[in-house]
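Protein chains: 2
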Amino acid sequence: MSLSLNQWTTRRWSVAEAVDGCVRHELAAVGLWREKVAEQGLAETVRLVREAGLRVSSLCRGGFLTGSGPPGEEDRRAFARALDDNRRAIDEAAELAAACLVMVVGGLPGVRPGEPLPASSVSHEPAADGSAPGPPGFSRDLAGARERVAEALEVLAPYAGERGVRLALEPLHPIYCPDRAVLSTLGQALDLCLAHPPEQVGVVVDTFHVWWDPRLFDDLARAGGRIASYQVCDYLHPLPADALLGRGMMGDGVIDFGPITRAVTGAGYTGDVEVEIFNADVWAADPDEVVATMKARYAALVPVG
Amino acid sequence: MSLSLNQWTTRRWSVAEAVDGCVRHELAAVGLWREKVAEQGLAETVRLVREAGLRVSSLCRGGFLTGSGPPGEEDRRAFARALDDNRRAIDEAAELAAACLVMVVGGLPGVRPGEPLPASSVSHEPAADGSAPGPPGFSRDLAGARERVAEALEVLAPYAGERGVRLALEPLHPIYCPDRAVLSTLGQALDLCLAHPPEQVGVVVDTFHVWWDPRLFDDLARAGGRIASYQVCDYLHPLPADALLGRGMMGDGVIDFGPITRAVTGAGYTGDVEVEIFNADVWAADPDEVVATMKARYAALVPVG
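Residue numbers (the numbering used here), protein chains in the order written: chain H, 1 to 305; chain E, 1001 to 1305.
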């Protein structure tokens, strides 16, 4: 395993700057984000990483496949648009020879990341037949949203396979279940994998998202070759007001990286280890200092082999 | 099943006021908190609930059994003190004839609810032997904390059994794993139960804490008579800055109460249904209005039978 910079950790850097930073800090791999790749241009990004001799450890991200609201015509159109966007993400991952395309599958249909629930949803009058009021604007059907993800994978996994791209399903911490990922545990992600060949669909193990899970070590033991990406960062306590930014530099939070890393390597994972940090203080700091700290903390706290 | 007011929902009310409120609003049960009972006096509380003809659906709460920090003398003393306090809580639950004593088991040793990590813990220099730095002031040993809970139950379950009290293990949402409960899923709580008779140890099913869990319905199906308490409130989105206060009135968040309630009744649960809401707006409102809203929302959104 070797250390990879997920470029969102040094969010201020463009793709060109992140590639240059990896070279200067002697990192062999970089995790890229689609927004940043689009700003740099896909062809130019391909040229930059090739000339630098970097591996692309992941492309972030596809997903958001759960639709736009309660069942209906608009929801079906949104689902079709999401599939199209994911096909484009797969094409980009293929161009970049990324080790995987990270999939953040999406939350409850119509619940937007970080935004309040649609105002029209706040209706508590029973319907005419006495049944509970409907939730206009979004859907509380969690089981249905999860089925939708499986349905999307039936379409996307073969498409990815034809292009040599591996989809990496990322279970997110349950705090993100409403708005970002109805995929909440490693076990659930592994179960979803089973319908597809290992080279088409794997999982992301991100310490922030899975450290609390009482079934983590059992699920890592059965993950075997399904681990497509291993990401490390710490879980801050208390979380900041915006929980999305609760990811910290290794050592600043509550996670014991030793047992998890040993279980990941024990499952046979030999890929790169990305550090992906969403954190206002980290983003405000000098990116070169962030990368230096990341390397030192990784060496001290994330045992390898 | 019938509706019970957990008195923290009307936090401004004393025990006497909450008992009076339940009578005026024609509720048959109340969930009490130890702090409030202590303010009212235990004997006086017993008299008030008996004269009002109320059931005590739960006493909140025992727990915090994971110790005070890294292994050592001080941690052992803290564990012994916690056992003593839990014996007192069991005695109180017996006096009150509470249907159960809710157990919030505690987080990582030395991590205090809502407080920053001990400052002394932020040390990232490797030890002299090159190993990762120790975490002075708290422990990152999650597996060890979980074992500590099982160890405490070996002592407390028989003590409760002798007094006719049932301990109700409450899995808390994983967001509270660092500081409040290393018990994070219903499945984990049920597994802990197995070492003890059903009349001594059961579980709390609280919609806020478990709604996201992909294994929820499988675990409810195997819970059978182990469900000691069913609590309902909604999960707000986005969560407020203090996630502890993200519990909302039913209908204000993302939870679909129908499937969960049907699974709880399908498991054979016939006890009271508590509404326990931690929410700054609810606490600021007129408690009588809160209870009226609670009754209306319960009738509209929480199907019974």
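C-beta atoms are modelled at their ideal positions from N, C-alpha and C, and glycine is treated no differently.
* **Residues from the stretch 215 to 229 of chain H in contact with chain E, defined by Cβ distance under 8 Å** => Answer in chain order: 215.
* Sorted by chain position, which residues of the same chain lie with C-beta nearer than 6 Å to residue 1065(E)'s C-beta, five sequence neighbours on each side aside? -> Within the same chain, residue 1065(E) has close Cβ partners 1082, 1105, 1106, 1149 and 1152.
* Leaving out the 5 sequence neighbours to the left and right, which residues in its chain are closer than 7 Å to residue 1095(E) when beta-carbon positions are compared? -> Closer than 7 Å at Cβ, skipping near neighbours: 1042 and 1046.
* Looking at C-alpha atoms only, which residue of 23(H), 285(H), 186(H) and 28(H) is the closest neighbour of residue 274(H)? -> If we check each option's Cα against that of residue 274(H), 28(H) comes out closest.
* Bounding residues of the beta strand (DSSP E) (the contiguous stretch that carries residue 103(H)) -> 101 to 104 is the extent of the beta strand (DSSP E) around residue 103(H).
* Asked: For residue 1168(E) versus residue 1004(E), is the C-beta distance shorter than 8 Å?
  -> The beta carbons of residue 1168(E) and residue 1004(E) sit no closer together than 8 Å.
* Asked: Do you know whose CA, among 165(H), 211(H), 115(H) and 171(H), lies nearest residue 1177(E)'s CA?
  -> Checking every option, the nearest Cα to that of residue 1177(E) belongs to 211(H).
* To do: Go to residue 205(H), then tell me how far its beta strand (DSSP E) extends in each direction, as first and last residue.
  => According to the DSSP assignment, residue 205(H) belongs to the beta strand (DSSP E) that extends over 201 to 206.
* To do: Give me the Cα-Cα distance between residue 271(H) and residue 204(H), rounded to the nearest whole angstrom.
  => In this structure, the CA atom of residue 271(H) is about 11 Å from the CA atom of residue 204(H).
* Asked: For residue 1185(E) and chain H, any beta-carbon pair shorter than 8 Å?
  -> Yes - at least one Cβ of chain H is within 8 Å of the one on residue 1185(E).
* To do: Determine the direct distance from the alpha carbon of residue 145(H) to that of residue 74(H), and round the result to whole angstroms.
  => Looking at the two C-alpha atoms, the distance is approximately 15 Å.
* Cβ distance (whole Å) where residue 171(H) is taken to contact residue 183(H) below 8 Å -> So it is a contact: roughly 5 Å between Cβ atoms.
* Listing by chain order, which chain E residues have their CB less than 7 Å from the CB of residue 88(H)? -> Neighbours of residue 88(H) on chain E: none; closest Cβ ~29 Å, over 7 Å.
* Please list the partners that residue 70(H) has in chain E, where partner means a Cβ-to-Cβ separation under 8 Å. => Chain E residues near residue 70(H): none, gap ~12 Å exceeds 8 Å.
* Give the C-beta separation of residue 1267(E) and residue 1224(E) to the nearest angstrom, bearing in mind that I take them to be a contact with Cβ-Cβ under 8 Å. => That pair is a contact at about 6 Å.
* To do: Could you round the C-beta distance between residue 1090(E) and residue 1038(E) to whole angstroms and report it? I think they count as a contact, below 8 Å.
  => So it is not a contact: roughly 15 Å between Cβ atoms.
* For the stretch 1132 to 1164 of chain E, list the alpha helix (DSSP H) runs that are entirely contained and at least 4 residues long, ordered along the chain. => Entirely contained in the stretch 1132 to 1164 of chain E, the alpha helix (DSSP H) runs reaching 4 residues are, in chain order, 1142 to 1162.
* Asked: If you follow the beta strand (DSSP E) that residue 227(H) is part of, which residue opens it and which one closes it?
  -> Taken as a continuous stretch (DSSP letters only), the beta strand (DSSP E) holding residue 227(H) covers 227 to 232.
* **Cβ-based contacts, 8 Å cut-off: residues of the stretch 1092 to 1116 of chain E near chain H** => Of all residues in the stretch 1092 to 1116 of chain E, only 1108, 1111, 1114, 1115 and 1116 come within less than 8 Å of chain H when Cβ atoms are compared, listed by chain position.
* Cβ-Cβ distance between residue 1033(E) and residue 1278(E) below 8 Å -> The answer is no: Cβ separation not under 8 Å.
* Asked: How would you label residue 280(H), buried or exposed, when you count the other beta carbons within 10 angstroms and need 16 or more for buried?
  -> Result: exposed.
* Is there a Cβ from chain H that is less than 8 Å from the Cβ of residue 1254(E)? -> Output row for residue 1254(E): interface = yes.
* For the alpha helix (DSSP H) containing residue 1258(E), list its first residue and its last residue. => Bounds of the alpha helix (DSSP H) holding residue 1258(E) are 1257 to 1266.
* Asked: Given a threshold of 16 other Cβ atoms within 10 Å of its Cβ, counted over all protein chains shown, does residue 1115(E) qualify as buried or as exposed?
  -> By the 10 Å Cβ count, residue 1115(E) comes out exposed.
* Considering only the beta carbon of each residue, do residue 1283(E) and residue 1024(E) sit closer than 8 Å? -> No, these two residues do not count as a Cβ contact at 8 Å.
* To do: Please name the residue in 264(H), 109(H), 287(H) and 187(H) whose C-alpha comes closest to that of residue 214(H).
  => The residue with the shortest Cα to Cα distance from residue 214(H) is 187(H).
* Asked: Taking Cβ to Cβ, would you say residue 103(H) is nearer than 8 Å to residue 265(H)?
  -> Their beta carbons are not under 8 Å apart, which means residue 103(H) does not touch residue 265(H) by this criterion.
* Kindly say whether residue 239(H), judged by its beta-carbon, lies nearer than 8 Å to any beta-carbon of chain E. => Yes, residue 239(H) lies at the interface with chain E (some Cβ there is under 8 Å from its Cβ).
* Would you call the CB atoms of residue 100(H) and residue 50(H) closer than 8 Å? -> Between residue 100(H) and residue 50(H), the CB-CB gap reaches or exceeds 8 Å.
* To do: Give the straight-line distance between the Cα atoms of residue 1300(E) and residue 1235(E), rounded to the nearest whole angstrom.
  => Between the C-alpha atoms of residue 1300(E) and residue 1235(E) there is a straight-line separation of about 17 Å.
* Which one of 206(H), 154(H), 69(H) and 179(H) has the shortest CA to CA distance from residue 138(H)? -> For residue 138(H), the nearest C-alpha among the options comes from 69(H).
* What did DSSP end up calling residue 1275(E) once you bin it into helix, strand or coil? -> The answer is strand: DSSP assigns residue 1275(E) an E or B state.
* Proximal residues of chain E, C-beta to C-beta of residue 206(H) below 8 Å -> Under a criterion of Cβ atoms nearer than 8 Å, no residue of chain E is adjacent to residue 206(H); the nearest Cβ is some 14 Å distant.
* Asked: the stretch 1167 to 1179 of chain E: which residues have C-beta closer than 8 Å to a C-beta of chain H, in chain order?
  -> Of all residues in the stretch 1167 to 1179 of chain E, 1173, 1174, 1175, 1177, 1178 and 1179 have a Cβ within less than 8 Å of some Cβ in chain H.
* Would residue 1181(E) be called buried (16 or more neighbouring beta carbons within 10 Å of its own) or exposed? -> Buried is the call here.
* Asked: At a Cβ threshold of 8 Å, is residue 3(H) touching chain E?
  -> For residue 3(H), the answer is no, since every Cβ of chain E falls outside 8 Å of its Cβ.
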